[in-house]
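J.: First, the structure itself, so that you have it in front of you.
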Amino acid sequence: MTVESKIEVSEAAQLAAAKHKARIGTLLSLTLLALLALMWLVLAFSTNSFWTYNNVSNLLRQGAMTAILAIGETFVIITAGIDLSVGAVVGFTSVIIAWLLTHGFSISIAIIITLAVGLAIGVFHAFGITRLGLPPFIMTLATLTALRGVGLLITNGATISITNDQFTGFSRGRLSRRTESFLDGGGGCSSRLYILHQSRFGRYLFAVGSNMEATRLSGVNTTRMIYIAYILSALCAAFVGILLAARIGIGNATQAEGWELQAIASSVIGGTSLFGAIGSVHGPLLGSFILTTINNGANLLNVNAVLAACHHRCPHHRYRSILTDCDAKKR
517 MTVESKIEVS EAAQLAAAKH KARIGTLLSL TLLALLALMW LVLAFSTNSF WTYNNVSNLL
577 RQGAMTAILA IGETFVIITA GIDLSVGAVV GFTSVIIAWL LTHGFSISIA IIITLAVGLA
637 IGVFHAFGIT RLGLPPFIMT LATLTALRGV GLLITNGATI SITNDQFTGF SRGRLSRRTE
697 SFLDGGGGCS SRLYILHQSR FGRYLFAVGS NMEATRLSGV NTTRMIYIAY ILSALCAAFV
757 GILLAARIGI GNATQAEGWE LQAIASSVIG GTSLFGAIGS VHGPLLGSFI LTTINNGANL
817 LNVNAVLAAC HHRCPHHRYR SILTDCDAKK R
């Protein structure tokens, strides 16, 4: 067999492998979408309050914030790394923007500074991993603890109330009350979809996660790729911190505890491999809404079960009126 024939066979094999991988990814996405639709149908028939305006709005908002974190986390996981600090970054940046707004900074300046803080955190992570040789797990776990502590020092263990009506109105206005976070997450997903799957950076990122040394010998600046991945993850977390502060109107360093685990779980449910080199944008998006639906449904079912138990045990007691009032409000 000639050299040209071997090259043609190799290219054909690579093309076939790529098509097979694409089919598997499409099948996984359709499966997750069907699972999400099934869960929504089951909850709609098993509870009276799932398909209400307020509950759907809360579901979309929370799912969008988790999706933004999960997609940012996916960039890191594709490089065979991990970022355990995203939940702490959300809480810390909510404190930063609340402090800036209460000290007279304009909304635009406060948002820019807060995003710059997120960028600095991502640079710090990448520096520790690439220059100091620290494992990503240890580096980001240390940052998680440190940011919580620094945030509590800034606030003296209290919360910072945001009195800027224009800022909080972004989340509480008529348009925002519907799906503002969901729309923001959708727009962000579109740009990240292009970055990850249609750009040279995305191809380099997958190569780094597959074999970093081979990628480096091929002429790719692997250090820069790791910097960009961790910066994107921290920027996504800082953006969620801004959304959360606008939504609830306070800055608190202890907010978003455990969100890093939800982000990682959403990414993995969406098909991202913890060993690197495998991941997408739409997968974590669907995974985040599946997790959010599970949490939302569990809360609704627990509330219904408690009210039903009170109604059964005390049919003539005040709990009966509570149940009646709740049912009336749901309608």
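Take the position in the sequence shown, starting the count at 1, then add 516; the result is the number in the numbering used here. A virtual CB, placed ideally from N, CA and C, is assigned to each residue, including glycine.
Taking all protein chains shown into account, do 16 or more other C-beta atoms lie within 10 angstroms of the C-beta of G665, making it buried, or fewer, making it exposed?
T.: exposed
J.: Taking the beta carbon of L546 as the centre, do at least 16 other beta carbons fall within 10 Å, making it buried, or is it exposed?
T.: Around the beta carbon of L546, fewer than 16 other beta carbons lie within 10 angstroms, which makes this residue exposed.
J.: Measure the beta-carbon distance from P800 to I629 and round it to whole angstroms, keeping in mind my assumption that it falls under 8 Å.
T.: Contact flag wrong, Cβ pair sits at about 28 Å.
J.: Is there contact here, the segment 613–631 with the segment 780–787, by at least three beta-carbon pairs under 8 Å?
T.: no
J.: Buried or exposed: G673, going by 16 or more other Cβ atoms within 10 Å of its Cβ?
T.: exposed
J.: If A754 and G603 are in contact, beta carbons under 8 Å, what's the gap, nearest whole angstrom?
T.: Actually they are not in contact, since the Cβ atoms of A754 and G603 sit about 12 Å apart, beyond 8 Å.
J.: Within 10 Å of its beta-carbon, does S697 have 16 or more other beta-carbons around it, so buried, or fewer, so exposed?
T.: Confidence at S697 is low in this model, with a pLDDT of 48, below 50, so the placement of that residue is unreliable and no value is reported for it.
J.: Helix, strand or coil, according to DSSP, for S796 in the structure here?
T.: coil
J.: Can you give me the Cβ contacts of G767 inside the same chain, cut-off strictly under 6 Å, excluding the 5 residues immediately before and after it?
T.: S610, V611, A614, I676, A761
J.: From I744 to Q771, what distance separates their C-alpha atoms?
T.: Going from the Cα of I744 to the Cα of Q771 covers about 26 Å.
J.: In three-state terms, what does DSSP make of I598?
T.: coil
J.: Work out the CA separation of G774 and N570 for me, nearest whole Å.
T.: 24 Å
J.: May I have the straight-line CA-CA distance separating T563 from L551, to the nearest angstrom?
T.: 18 Å
J.: Contact between the segment 593–603 and the segment 716–726: three or more CB pairs below 8 Å?
T.: yes
J.: Excluding sequence positions up to five away, which residues of its chain have a Cβ less than 6 Å from the Cβ of I479?
T.: Look at the range of the chain in this structure, 517 to 847, and you will see that residue 479 is not part of it.
J.: Assuming L585 contacts V756 (C-beta within less than 8 Å), just tell me the rounded distance between them.
T.: 6 Å
J.: Give me whichever residues DSSP pairs with S677 in a beta bridge.
T.: Answer by DSSP bridge pairing, in chain order: I766.
J.: Rounding to the nearest angstrom, what Cα-Cα distance links L548 and G620 in this structure?
T.: 46 Å
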